[in-house]
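Read in order, the letters of the sequence shown are residues -21 to -1, 1 to 551 in mature numbering (1 follows the signal peptide of the UniProt record, and there is no 0).
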Amino acid sequence: MKNFNFSLILFILLIPFFSNAQTKVAPVKVKENFWYKNSVIYNLEVGAFKDSDGDGRGDFNGLIQKLDYLKAIGIDAIWLAPFQPSPGQDDGYDVADFYGVDEKLGTIGDFTEFLYQAQKKGIRVIMDLVINHTSDQHPWFQKSRQSKDSKYRDWYVWSKERPKDWDKGMVFPGVQKEVWSLDEKTGEYYYHRFYKFQPDLNYSNPEVMQESQRIIGYWLNQGIAGFRLDAVPFIIEVPKTGSEKPKLDFDFLTNMRQFAQSRKSDAAILGEANVVPEENQNYFGKNGEGIQMMFNFFANQHLFYALATGDLKPFSQAIEQTKKIPEASQWAHFLRNHDEIDLGRLTDKQRQEVYAKFGPDTTMQLYQRGIRRRLAPMLGNNRKHIELAYSLLFSLPGAPVIRYGEELGMGDDLSLKERLSVRTPMQWTNEKNGGFTSADTAFRPVINKGDYGYQQLNVAKQFRDPNSLLSWTSRIIKLRKSCPEIGLGDYTLIDSGSPDILAIRYDYNRKSLIILHNFNPQSRQASIKSEKMKVLYDLMAENLDKKAESGKFSVSLDGYGYKWYRVDSMIP
């Protein structure tokens, strides 16, 4: 009897081994552990989101009130625009204190409560890390101006004579005049990639490097899950090696990654680096030891060319050119963000074609390279075209990032200065100021006229309407979450049989997806050939599954139509 029990126990222990040997179960890949691979990220400005105390400006307590809304539509992570103390000359990107919360937005206690409430709802929070420069009102810069012998003098980049490239490499051409400006108090020139009131920090100084690590450690200790690293290429410039083609210190990124993860093992860094594909490896690291994520600006610019012209070839090439990245790395894809649409990587001819379609008036253009509009106005408020764009966003290989209000189809205010045109307050209801604030006047005008006015376009109205863009966006987010292959798997652009239809296939752990998008306003037919696929299961509609006929699938797509399919294959 004892021998029987021992044999039975041994047999039970070996069942998993025999089972795996027979069915060839694929091992789970380690990259499933990276939360940022499949997160839906929502970018917002605290000051423009919800005012809780009636002073006309949003605050952290107001944001807490709207966390249930963000949870309801399926947001995994919130990316906060700068909220630290600032004179506000660059909408908070001119930081005057890296260790505080701007009193106009609340207290450090309010911020802490916000983090607690977000985490309780399963929402991570990442924050803008703006460490390329400071405000000229920052105590460090003020002390650096007091004396050439000041401890803080070498925290910034100075020159006794005005450099020859004093007006080269400006971030804001047409608005900005120079990158080297005279400090009348000390009679020397200081370097600033951005506005004159934003002097660059000097990272060749070990003390500045150490201070940046203290900043990272401080906010991780507060509960931050990661950072959106602002202006990455400019942070890693080696000082005084030229404004147009400076030397870059990529070890900085590896050191930052290592430090952040030494403080919080799953901390993620999302970099803003508008670079060409051959430079991607420098930022991600050859083996993924650099920053974990980057915005795919290269694909984004060619996507807008495709949306404007219907020509898919440059966009398809951009997706292929940005395919090779380390396994631990991830792209972040977006349509609109807090800045202008940068078209600097397009040819002059391509850029003019996009301008003609989406920004024909010079008031819509910015910095000689971009468009300062929201998506819905650019697409003529065409619901089918908007859906196509966002269906594509959620199906691209990487993590999707959406801007607050885009889920409603919010408009822009071109009367506002530069990038502020796409930073108007969130529209919650049809009440005064769109329910954003109870004050008579908001700190920034709420859009109140036309099709994009809060009277017609607001959360309350769309939340009750199952056919609204908001309801549709919630459903597409839910669909995206049911397809982890997009963030974790391998992808291939496949022949759709039509130059107007983009077809992309994902494969992961013996599961596959095929997603189709028609960029033409007229209906088009897709024809997909495969001897191994039996059925395409429609993930967006019942009873519209497609069966193979002679190894071929024929799918009709309406103008600006899209289809998401799960693949049933004959697996040997």
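Every residue gets a Cβ at the ideal spot worked out from N, C-alpha and C, and that includes glycine. Remember, predicted model here, so these are calculated numbers, not experimental data.
key: Residue(s) in a DSSP beta bridge with K303   = K303 is not bridged to any residue.
query = Where do the N-terminal and C-terminal ends of the alpha helix (DSSP H) with M357 fall, by residue?
reply = L354 to M357
inquiry  = Restricting to runs no shorter than 3 residues, where is the beta strand (DSSP E) found entirely within the segment 49 to 132?
reply    = Taking 3 residues as the shortest admissible run, the segment 49 to 132 contains the following complete beta strand (DSSP E) segments, listed from N- to C-terminal end: 56 to 59 and 103 to 108.
query = What distance in whole Å lies between the Cβ atoms of Y544 and H496, which are believed to be in contact at a cut-off of 8 angstroms?
reply = In fact, because the Cβ distance is near 12 angstroms, the residues do not count as touching under 8 angstroms.
request  = Measure from the alpha carbon of I483 to the alpha carbon of each residue in V546, F151, W119 and N275, then state which is nearest.
outcome  = V546
query = How should K265 be labelled, buried or exposed, when 16 other C-beta atoms within 10 angstroms of its C-beta is the threshold for buried?
reply = exposed
ask   = Can a CB atom of chain D be found closer than 8 angstroms to the CB of L448?
value = Structure shown: chain D not included; a single protein chain is present.
inquiry  = One question on the structure: do N253 and F276 come within less than 8 angstroms of each other, judged by their Cβ atoms?
reply    = In this structure, F276 lies closer than 8 angstroms to N253 by Cβ.
ask   = Exposed or buried, which one is R443 when buried takes at least 16 other CB atoms within 10 Å?
value = exposed
ask   = Which whole runs of the beta strand (DSSP E) in the segment 452 to 520 are 3 residues long or more, in chain order?
value = 469 to 472, 480 to 487, 490 to 497, 503 to 508 and 512 to 517
request  = Check whether the segment 225 to 239 touches the segment 254 to 274, counting contact only when three or more Cβ pairs, one atom from each stretch, lie closer than 8 angstroms.
outcome  = Counting C-beta pairs with one atom in each stretch, the segment 225 to 239 and the segment 254 to 274 have three or more that are closer than 8 angstroms, which means they touch.
query = Taking DSSP as the reference, what is the three-state secondary structure of R207?
reply = strand
key: Nearest to I54 (by Cα), restricted to the options D327, F373 and H317   = F373
Alpha carbon of T341 to alpha carbon of I320, nearest angstrom = 14 angstroms
task = Compare the Cα-Cα distances from L354 to each of E216, F313, D38 and N446 and report the closest residue.
result = F313
request  = Can you give me the start and stop residues for the alpha helix (DSSP H) that I365 sits inside?
outcome  = R362 to S374
task = Rounded to whole angstroms, what's the CA-CA distance from K16 to P142? Just pull it up for me.
result = Roughly 43 angstroms separates the two Cα atoms.
ask   = Where does D327 fall in DSSP's three states?
value = helix
query = Where L481 and N499 are concerned, what is the direct C-alpha to C-alpha distance, given to the nearest angstrom?
reply = Those two C-alpha atoms are separated by around 11 angstroms.
request  = Kindly provide the ranges of any beta strand (DSSP E) runs that are 3 or more residues long and lie completely inside the segment 229 to 308, ordered along the chain.
outcome  = Counting only runs that start and end inside the segment 229 to 308, the beta strand (DSSP E) elements of at least 3 residues fall at 247 to 250 and 272 to 274.
key: Terminal residues of the beta strand (DSSP E) in which F532 lies   = K531 to L536
key: Member of A287, G88 and E386 whose CA lies at the smallest distance from the CA of N316   = E386
query = Do you know offhand how far H112's Cα is from P256's?
reply = 26 angstroms
ask   = So, L518 versus Y487, is the Cβ gap smaller than 8 angstroms?
value = no
ask   = Assuming L108 and L59 make a contact with CB atoms under 8 angstroms, what is their CB distance in whole Å?
value = Contact flag wrong, Cβ pair sits at about 11 angstroms.
ask   = With G202 and L94 assumed to form a contact (beta carbons below 8 angstroms), what rounded beta-carbon distance in angstroms separates them?
value = 4 angstroms
request  = Compare the beta carbon distance of I110 and I215 with 8 angstroms and say whether it is the shorter of the two.
outcome  = no
ask   = Where does residue 552 sit, in a helix, a strand or coil, going by DSSP?
value = Because the chain in this structure spans residues -21 to 551, residue 552 falls outside the shown range and cannot be described.
message = For L249 and A311, I'd like the C-alpha separation in whole angstroms.
response = When only Cα atoms are considered, L249 and A311 end up about 8 angstroms apart.
ask   = How is G349 classed by DSSP in three states: helix, strand or coil?
value = strand
task = Find the nearest neighbour of D327 within the set H281, I456 and T403, judged by alpha-carbon distance.
result = Answer by Cα proximity: H281.
query = Quick one: complete alpha helix (DSSP H) runs, 4+ long, within the segment 397 to 446?
reply = DSSP runs (the alpha helix (DSSP H)) wholly in the segment 397 to 446: 438 to 442.
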